[in-house]
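Q:
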Amino acid sequence: MPALGTALAQYSFEGGTEGTIGMQEGEELLLIERDEGDGWTRVRRLASSVEGFVPSSYLQCKWFSAEEI
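Just so it is clear: in the sequence shown, position 49 is 30 by our numbering, and no numbers are missing.
#1: Between Asp19, Tyr(-8), Leu11 and Gln(-9), which has its C-alpha nearest Ala28's C-alpha?
#2: Which partner residues does Arg22 have in the DSSP bridge list?
#3: If you draw a straight line from the C-alpha of Leu(-15) to the C-alpha of Thr(-2), how long is it?
#4: Between Trp44, Arg23 and Tyr(-8), which lies nearest to Glu8 when the distance is taken from Cα to Cα?
#5: Can you give me the start and stop residues for the beta strand (DSSP E) that Ala(-12) sits inside?
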């Protein structure tokens, strides 16, 4: 699945529940799916390519334009 943008983690998140992944404050992530109103955004870790959901409010997002995707 192509990335839709990049995000910077504003806070650490442990993850651990099904479908979520942990992230560290300051970590850069790829945005895979937008928040659909439930407060969660699907991201991919750069280092390991692991994907999962993190709280949308913990992210500073930069979405790519349609031409960049």
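Virtual Cβ for every residue (Gly too), placed ideally from N, Cα, C.
A: The structure says:
#1: For the purposes of this step, residue 28 is taken as residue 47 along the sequence shown, with counting starting at 1. That would be Leu11, whose Cα lies nearest to the Cα of Ala28.
#2: Within the sequence shown, numbered from 1, the residue matching residue 22 stands at position 41. Before going further, note that residue 22 is Thr rather than Arg in the sequence given. In the DSSP output, where bridge partners are listed per residue, Thr22 has Val35.
#3: Position 4 of the sequence shown, counted from the first residue, corresponds to residue -15. Position 17 of the sequence shown, counted from the first residue, corresponds to residue -2. Approximately 24 angstroms, taken between the alpha carbons.
#4: Translated into the one-based positions of the sequence shown, residue 8 becomes position 27. Checked all of Trp44, Arg23 and Tyr(-8); the closest Cα to Glu8 is Tyr(-8).
#5: Locating residue -12 in the sequence shown gives position 7, counting from the first residue. Start and end: Gly(-14) to Ala(-10).
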